[in-house]
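*Asks:*
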Amino acid sequence: MQPQERFYPVTPDFRDAFGRDRDRIIHSSYFRRLEYKTQVFINHSGDYFRTRLTHSLEVSQIARTLAKNLGLDENLAEAIALAHDLGHTPFGHAGGDELDKIMRHYGFHHGFDHNFQSFRVVTKLEKRYKDFEGLNLSFATLEGVLKHSYPYEKSFINSNLQNFFRVEFHPSLEAILVDLSDEIAYISADIDDGIKYGLIGFEDLKENALVARALEFVEREEGIVRHDSIFRHRFTSRLITM
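For any residue, its number in my numbering is found by taking its place in the sequence shown, counting from 1, and adding 188.
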């Protein structure tokens, strides 16, 4: 299969294949539902906590910027980034862990896997077209949604899935880039949210060498005091670039 191929043919228009994928993801109902799926902190206790929606936009921005500078396909990286969390449960990772326990208790031996659930969303669960289920995304985008960075050898993967890409192989460079962008986004954002709402302090973070370097740089080079809100923004921005 070619990266830009799909399960069902489409009429060409002014967009490339991955640009069309991006547009289909953004206009899907599951993408809108990310607004009420939380990252770490429950958003009803503060209006400005990151959600899965804002997180996905941050990952997309980082991935697209890096893809451009590395000569990779920006639209493919953006499409994978926007779809990478569609299968997550509400209530952060704790919600996914609890659902995994419940499924295993009731005989679903593979439990809950958010990567596979994201893949199910874009291939089956999203209902927008009368002729097929899912969003009919290109194979490269589907592979990136399922795999992220590593081969995806799972006992429950059926032969039909094996037929359109080799799950034991690594995905595209764009997918690997999105996985790294995801880590950059959530590590810095979770720290930012925690500090802003007084749940963690800078002293709690100093044990980490990278954090200590970021703190030292902002204090020394920019001369901003730690209790200033500007310091928090400079600190998290510096943490991303280190």
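We put the beta carbon where it would ideally sit given N, CA and C, even for glycine.
Which two residues bound the contiguous alpha helix (DSSP H) that contains Q305?
*Replies:* In the sequence shown, residue 305 corresponds to position 117, counting from 1. Start and end: 302-308.
*Asks:* Which of helix, strand or coil does DSSP assign to T199?
*Replies:* The count along the sequence shown starts at 1 and reaches residue 199 at position 11. Coil at T199, not helix or strand.
*Asks:* Look at the alpha carbon of Y218 and the alpha carbon of V406, and state the distance between them as a whole number of angstroms.
*Replies:* For the purposes of this step, residue 218 is identified with residue 30 of the sequence shown, where counting begins at 1. For the purposes of this step, residue 406 is identified with residue 218 of the sequence shown, where counting begins at 1. Cα-Cα distance, rounded: 39 Å.
*Asks:* In the DSSP assignment, find the alpha helix (DSSP H) that holds Q249 and state where it starts and stops.
*Replies:* Counted from its first residue, the sequence shown places residue 249 at position 61. Its alpha helix (DSSP H) spans residues 240-258.
*Asks:* Answer yes if the stretch 325-341 comes into contact with the stretch 220-229, meaning at least three C-beta pairs across the two stretches below 8 Å, and no otherwise.
*Replies:* Cβ pair count under 8 Å is below three, so no.
*Asks:* Answer yes if the stretch 273-283 comes into contact with the stretch 235-245, meaning at least three C-beta pairs across the two stretches below 8 Å, and no otherwise.
*Replies:* Short answer: they touch.
*Asks:* So the candidates are H302, L264, L368; which of them puts its Cα closest to the Cα of P278?
*Replies:* If you number the sequence shown from 1, residue 278 lands on position 90. For the residues H302, L264, L368, the minimum Cα distance to P278 belongs to H302.
*Asks:* Where does T277 fall in DSSP's three states?
*Replies:* The residue you call residue 277 lines up with position 89 of the sequence shown. Three-state DSSP puts T277 in coil, outside helix and strand.
*Asks:* Going by alpha carbons, who is nearest to I364 out of Q192, H293, L264, F206?
*Replies:* Position 176 of the sequence shown, counting from 1, holds the residue named residue 364. The shortest Cα separation from I364 among Q192, H293, L264, F206 belongs to L264.
*Asks:* Select from H336, Y317, I345 the residue whose C-alpha is nearest the C-alpha of A368.
*Replies:* On the sequence shown, residue 368 is found 180 positions in, with the first residue counted as 1. First, the residue type needs correcting, since residue 368 is Leu and not Ala in the sequence shown. The shortest C-alpha separation from L368 is found at H336.
*Asks:* Please name the residue, chosen from E331, T226, K256, A251, that lies closest to G280 on a Cα-to-Cα basis.
*Replies:* Counting from 1 along the sequence shown, the entry for residue 280 is found at position 92. Checking every option, the nearest Cα to that of G280 belongs to T226.
*Asks:* Excluding five sequence neighbours on each side, which residues of the same chain lie with their C-beta closer than 6 Å to the C-beta of F320?
*Replies:* The residue you call residue 320 lines up with position 132 of the sequence shown. Same-chain partners within the cutoff: Y196.
*Asks:* Would you grab the beta carbon distance between R420 and K384 for me? Rounded to a whole angstrom, and I think it's under 8 Å.
*Replies:* Reading the sequence shown from its first residue, position 232 is the one you call residue 420. Reading the sequence shown from its first residue, position 196 is the one you call residue 384. Going by Cβ atoms, the distance from R420 to K384 rounds to 6 Å, so yes, they are a contact pair.
*Asks:* Buried or exposed for F237, going by 16 or more other Cβ atoms inside 10 Å?
*Replies:* For this step, residue 237 is matched to residue 49 along the sequence shown. It counts as buried.
*Asks:* Would I214 pass as a contact of L258 if the rule is Cβ separation under 9 Å?
*Replies:* To locate residue 214, count along the sequence shown from 1; it is residue 26. To locate residue 258, count along the sequence shown from 1; it is residue 70. The answer is no: Cβ separation not under 9 Å.
*Asks:* Whose CA, out of V399, D201, T199, A205, lies closest to the CA of Q190?
*Replies:* Here residue 190 corresponds to residue number 2 of the sequence shown, with the count starting at 1. The residue with the shortest Cα to Cα distance from Q190 is A205.
*Asks:* How many whole angstroms separate the CB atoms of T311 and I379, which I take to be in contact at a CB cut-off of 8 Å?
*Replies:* Locating residue 311 in the sequence shown gives position 123, counting from the first residue. Locating residue 379 in the sequence shown gives position 191, counting from the first residue. With 8 Å as the limit, T311 and I379 do not qualify as a contact, their Cβ atoms being about 34 Å apart.
*Asks:* Using beta-carbon positions only, say whether L398 and L361 come within less than 9 Å of one another.
*Replies:* Numbered from 1 along the sequence shown, position 210 holds the residue referred to as residue 398. Numbered from 1 along the sequence shown, position 173 holds the residue referred to as residue 361. For L398 and L361, no; Cβs fall outside 9 Å.
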